[in-house]
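Structure record follows, encoded as structure tokens.
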Amino acid sequence: MKKINKLWVILDLIFLVIFNAIFFMVGGVKHPASIWISYGFIHFAYLMLVLTPFLIRKGKSAHVFGYSLYTISAIYFLIQFVTGIVFIFISPESNTAAFLVQLSIAGLYGIILIANMIANEHTANAEEVRQNQIAFVKDASAKLKILLENINDKEAKKQVERVYDTVYSSPVKSHSNLIDLESRILHSLNELQIVITVGKKENIITLANSLLNDVNERNMRLKTLN
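For the sequence shown, our numbering begins at 7 and goes up steadily by one.
In structure tokens:
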């Protein structure tokens, strides 16, 4: 275990050690069920606060997701801690009220937490789609720019430049129906690289024209899909 992880474990244990030391040294071990219920709910709330980092969806906005979930868990822990302490001090003989009140608080916390996790999943998935869409235009443009530097024939270079300009100015927003076409375009770029290496002008122009048609088709279809 890394040193920083050990330090986090020690930090997490401080509350448990202090709380349990006070609980058992001051109150002893003989308590009605209502107190043990409160004791258990306080530990559950703290455990959820400690486990919150493992519930955060990874992604570009992970810090935003983490802040919202931490806030929810922290508020729940504080509410539960105060509620639990109140029931511990009151020490009612009947455990019904203690159980139902704290179960309701835990249930509300669970609903809010899961709702936020679902919203975070939707946001993260949308970000991934957005990044993939941007990646197509970005990657294709970058490949074409490199290929242009290796073309010596002016006519062939001019034709590839047309493809580059069209790709570079293409909308980054895409659609799931265009995945196959975009994959074909990227595959054709790999073929163009091979053709340029061979250095046959006619083949470069032919493949560049085919690429230009595919890119234009992609952009035209995109207008009807979005």
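All C-beta atoms in this analysis are idealised placements derived from N, C-alpha and C, irrespective of residue type, glycine included.
Check, Outcome
"Status (buried if at least 16 other CB within 10 Å, exposed otherwise) for leucine 75", "buried"
"Start-to-end residues for the alpha helix (DSSP H) that takes in asparagine 215", "207-231"
"Asparagine 219 versus histidine 128 - alpha carbon distance", "35 Å"
"Coil, strand or helix - asparagine 126 by DSSP", "helix"
"Residue nearest to glutamate 134 in terms of C-alpha spacing, selected from Lys179, Val107, Ile85 and Phe93", "Lys179"
"Spatial distance of phenylalanine 47 from asparagine 131 (CA atoms)", "34 Å"
"Neighbour-count burial assignment, glycine 90, 16 or more Cβ in a 10 Å radius", "buried"
"Outcome for lysine 163 when other beta-carbon atoms lying within 10 angstroms are tallied against a minimum of 16", "buried"
"Distance CB(histidine 181)-CB(leucine 217) smaller than 8 Å", "no"
"Rounded straight-line distance, which links the Cα of threonine 102 to that of phenylalanine 30", "23 Å"
"Methionine 54 classed as buried or exposed, judged by whether at least 16 other C-beta atoms fall within 10 angstroms", "buried"
"For glycine 59, the three-state DSSP class (helix, strand or coil)", "Sequence inspection shows proline at residue 59; the glycine mentioned does not correspond to that position. Helix at proline 59."
"Secondary structure of valine 32, DSSP reduced to three states", "helix"
"Candidates Glu161, Ile96, Ala141 and Val169, of which the one nearest lysine 151 by Cα", "Val169"
"Boundaries (first-last residue) of the alpha helix (DSSP H) holding asparagine 158", "Where asparagine 158 is concerned, there is no enclosing alpha helix (DSSP H), given that its DSSP letter is neither H nor E."
"Inter-residue spacing [alpha-carbon to alpha-carbon] between asparagine 26 and asparagine 122", "32 Å"
"Below-8 Å beta-carbon distance, lysine 207 vs any chain D residue", "Among the protein chains of the structure shown there is no chain D, as only one such chain exists."
"Check whether isoleucine 200 and glutamate 161 have beta carbons under 8 Å apart", "no"
"Segment contact, 8 Å Cβ cut-off, at least three pairs: the segment 38-46 with the segment 93-113", "yes"
"Cutoff 7 Å; reference valine 143; Cβ partners in own chain excluding five residues on either side", "Val173, Ser176 and Val178"
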